[in-house]
Each structure stands twice: as C-alpha cells, then as structure tokens.
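*Asks:* Quick one: the structure is below, questions incoming.
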Amino acid sequence: MFLNLITFETTIASKAARCVVAAGGIDVIDFSFRRTQGIEAGIDVARLSSMVGFISTSNVEAARRHGLVAAGTMAHSYIEAFPTEVEAFRAYAHDFPGRVTFLVDTYDTITGIKHAIATIKELGPTGRLGIRIDSGDLVALSRQARKMLDQAGLPHVRIVASGGLDEYSIDQLVRDGAKIDAFGVGTRMGVSADHPYLDTAYKLVCYEGRPVMKLSRGKVTAPGRKQVFRRSARRGGAAGTRAPARTHDGQRRAPGRSIRHRRGECTLRGRPRAPAGRGQRHPLAPISPGAANARAAGDDVGDPARPGRPQPKGALTELDPDARLGDF
Numbered sequence: 013m014f015l016n017l018i019t020f021e022t023t024i025a026s027k028a029a030r031c032v033v034a035a036g037g038i039d040v041i042d043f044s045f046r047r048t049q050g051i052e053a054g055i056d057v058a059r060l061s062s063m064v065g066f067i068s069t070s071n072v073e074a075a076r077r078h079g080l081v082a083a084g085t086m087a088h089s090y091i092e093a094f095p096t097e098v099e100a101f102r103a104y105a106h107d108f109p110g111r112v113t114f115l116v117d118t119y120d121t122i123t124g125i126k127h128a129i130a131t132i133k134e135l136g137p138t139g140r141l142g143i144r145i146d147s148g149d150l151v152a153l154s155r156q157a158r159k160m161l162d163q164a165g166l167p168h169v170r171i172v173a174s175g176g177l178d179e180y181s182i183d184q185l186v187r188d189g190a191k192i193d194a195f196g197v198g199t200r201m202g203v204s205a206d207h208p209y210l211d212t213a214y215k216l217v218c219y220e221g222r223p224v225m226k227l228s229r230g231k232v233t234a235p236g237r238k239q240v241f242r243r244s245a246r247r248g249g250a251a252g253t254r255a256p257a258r259t260h261d262g263q264r265r266a267p268g269r270s271i272r273h274r275r276g277e278c279t280l281r282g283r284p285r286a287p288a289g290r291g292q293r294h295p296l297a298p299i300s301p302g303a304a305n306a307r308a309a310g311d312d313v314g315d316p317a318r319p320g321r322p323q324p325k326g327a328l329t330e331l332d333p334d335a336r337l338g339d340f
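Numbers given in the working numbering equal positions in the sequence shown, counted from 1, plus 12.
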C-alpha cells in the first residue's frame, strides 16, 4: 500500500508540477476528474495538483473534502440543450451572477465571444467574469478574444484555455505569446498520459541493524541505511537530491564507506560522509517543502496575483522538450 501511494502520488505530482512550471505564473486549474482512473484517483489528483501550485479544481467533492477552491465553467452539452447559444449564456448568468465564465467555442468561437460580450453588457454580472476557449488555434483565438473584450470595455474579463493541454503545449502557448489568463488541464495531467507510472520498488537493505543486499543478476542492491544529500548548483551542475552508493560491481556508494560481501552476508566499513559541496539532510526531513498557496474561496478561475505561491527557481524552470517526467 505504501509503495502504491508513493508511486502514484509522485507520478501525478511531478506531472502537475511540470504544468505549473511551464505556465510561468499563469493560473492552472485541474480539469481531470472525468478521465482519472477511478473516483478516488480523481480526488487524489485534485489534492496533489493543489499541493504543487494548481489554484483550483473542477472536482467539487475533492474541493469539499480537502478545502480546495472549486472552479468550473459550463459544458458544451449545457449550451446545446438551449435553442440558442445566447439563451444558454443568459440562463447561466442568471444562475451564477457573481462568477460567470462563458464557454464560447460550441459553434463558432468568434461568434461565441460576441454573444458573451452582449450578455455581459445586457445583464451586467459582477464578480469574476471570463470566457473559455476549448478548441482551435488557441494563440490566434486568444489574441482576437483579448482585442474584442478590450474594445468592448471589458479588460477585466479573463480568458481561460483548455483542450488536451499538458506542460509541452502550455510551454509553447506561453512562448508564442497567447493572451491566456488561466489554463484548464485535464486528462494528460490526471493520468500522466505520456509517462503513466514510475518504476519504483521496495528493497530491504538493513534488518535488525544488519546490512543486507541482493545479488540477483542485473539487480544488485547497495546494503545499509542510506542518506540523502542536497546537490548544489553553484559549481555549474544542476541542483537536486541524491542518495549515493557504490557496490562491488561498480555502482555508486556513499563516500568513505566500503562494502565487503560473501554469499549470504555483507559488511559495511567506515562511516558515510557528505560529498564535497553537498549538504547532508536529516533522513526524515522533507526536501524543499512548497509554501501553502493562498486561496480566495469562491473564485471561479482563481486570483492571478496571489501571494504565497511557491515559484520554482534555477534549473527547474528550464523545460527541456526532451525532458521526461522523472527529471525533477
């Protein structure tokens, strides 16, 4: 059970964190619930994505259970249930006058934006206002939407983008200058689509104070309790953490410690020391805990200027197109 939790939660939290890094300070919302692999998995994904910087979730039960901000817009089916798009927008604005985000791409995106503008001007809803674009050329459409909203005297209306997004597409949208205020990220984060698992395993290395090791071909383990070290980037390398070790067949080991083994038993000599330029961490101390996000309850798509959000620094902010999920 413990290994299952570590594997799944590390996978999802890593994928979600990459989306936050790629967004570069733009809000990111969890839209994954309908595609997660089970109801409880959806609850966990909402919690994990919140831990690494997502501002809200469309999963209402997860928001209730974990004290998160519930967010969402309307579905395409909602709009299709009305005779016209305008009637759907009016009905939604009447039901949620203080937090309206219109989905504008059900039929024609530009026409949908015009209908959203007309509805806002007609009914005058207050509070959080926005439009959501879920398909098409998000760069071109977001730029056109921003221009139309500004010309209509609605610069406060936010633009939310969604539709098959992950860290790579988010990174490209940001680089291309899309006029997007928030990203709704669903399936590809909720199931970590491009890397759906981590190859984690449990290996016994010490039992009742006696170091033990495994000698299976290709799966030799380093015996003894390990220590984690923080690797500094000041000497030109990438920052990170590691637990160094070297066994008899050339694998790495902690400096200052040797291993003697014979079939059925092994012995460790010497005391491990921190590698030069690296700081030793307490075995149970958390590594780089993120600060808790400041949240404004009731926001539909979150607050763009929120103090307290953890911001990745240094090597973590460089999103290499060839990177894989486990890189950080």
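Beta carbons are placed, not taken as given, at the ideal position from N, Cα and C, and that holds for glycine. Given the structure is predicted, the values throughout are model-derived calculations rather than measurements.
When burial is assigned at 16 or more other CB atoms within 10 Å of the CB, is Tyr209 buried or exposed?
*Replies:* Looking up residue 209 in the sequence shown gives position 197. With fewer than 16 other Cβ atoms from the protein chains shown falling within 10 Å of its own Cβ, Tyr209 counts as exposed.
*Asks:* Rank Ile132, Thr48, Lys215 by C-alpha distance to the C-alpha of Phe98 and give the top, closest one.
*Replies:* Taking the sequence shown and counting its residues from 1, one reaches residue 98 at position 86. Rather than Phe, the amino acid found at residue 98 in this sequence is Val. Cα-wise, what sits closest to Val98 is Ile132.
*Asks:* Less than 9 Å separating the beta-carbons of Leu150 and Arg170?
*Replies:* In the sequence shown, counting from the first residue as 1, residue 150 sits at position 138. In the sequence shown, counting from the first residue as 1, residue 170 sits at position 158. No, they are not a contact pair.
*Asks:* Would you list the one or two residues that DSSP bridges to Pro223?
*Replies:* Along the sequence shown, one-based indexing puts residue 223 at 211. Pro223 is bridged to Cys218.
*Asks:* So, is Lys226 buried or exposed, given that buried needs 16 or more other C-beta atoms within 10 angstroms?
*Replies:* Within the sequence shown, numbered from 1, the residue matching residue 226 stands at position 214. The residue is exposed, with fewer than 16 neighbouring Cβ atoms inside 10 Å.
*Asks:* Spatial neighbours of Glu179 within its chain, please: C-beta separation below 6 Å, excluding the five flanking residues on both sides.
*Replies:* What you label residue 179 is simply residue 167 of the sequence shown in a count that begins at 1. Arg30, Cys31, Ala34, listed in sequence order.
*Asks:* Just tell me which of Tyr119, Phe114, Phe66, Arg242 has its CA closest to the CA of Ile129.
*Replies:* Translated into positions along the sequence shown, residue 129 becomes position 117. The shortest C-alpha separation from Ile129 is found at Phe114.
*Asks:* If you drop the 5 nearest sequence neighbours on each side, which residues of the same chain put their C-beta closer than 8 Å to that of Ser351?
*Replies:* Residue 351 lies beyond the stretch modelled for the chain, which goes from 13 to 340, so this question has no answer here.
*Asks:* Taking the alpha-carbon positions, what's the Thr19 to Thr123 distance?
*Replies:* On the sequence shown, position 7 is the one that residue 19 refers to. On the sequence shown, position 111 is the one that residue 123 refers to. Cα to Cα, the separation comes out at about 45 Å.
*Asks:* Pick out whichever of Ser61, Gln184, Gly37 has its Cα sitting closest to the Cα of Gly202.
*Replies:* Locating residue 202 in the sequence shown gives position 190, counting from the first residue. If we check each option's Cα against that of Gly202, Ser61 comes out closest.
*Asks:* Roughly how many angstroms lie between the CA atoms of Gly79 and Asp162, to the nearest whole one?
*Replies:* For the purposes of this step, residue 79 is taken as residue 67 along the sequence shown, with counting starting at 1. For the purposes of this step, residue 162 is taken as residue 150 along the sequence shown, with counting starting at 1. Their backbone Cα atoms lie some 35 Å apart in a straight line.
*Asks:* Based on Cα-Cα distance, which residue from Thr23, Leu153, Arg229, Arg77 lies nearest to Asp188?
*Replies:* Taking the sequence shown and counting its residues from 1, one reaches residue 188 at position 176. Distance from the Cα of Asp188 is smallest, within the candidate group Thr23, Leu153, Arg229, Arg77, for Leu153.
*Asks:* Exposed or buried, Pro284, counting other C-beta atoms within 10 Å across all chains shown (16 or more means buried)?
*Replies:* Taking the sequence shown and counting its residues from 1, the one referred to as residue 284 is at position 272. Caution applies to Pro284, whose pLDDT of 48 falls short of 50 and renders its modelled position unreliable; the value that the coordinates give is listed next. Buried is the call here.
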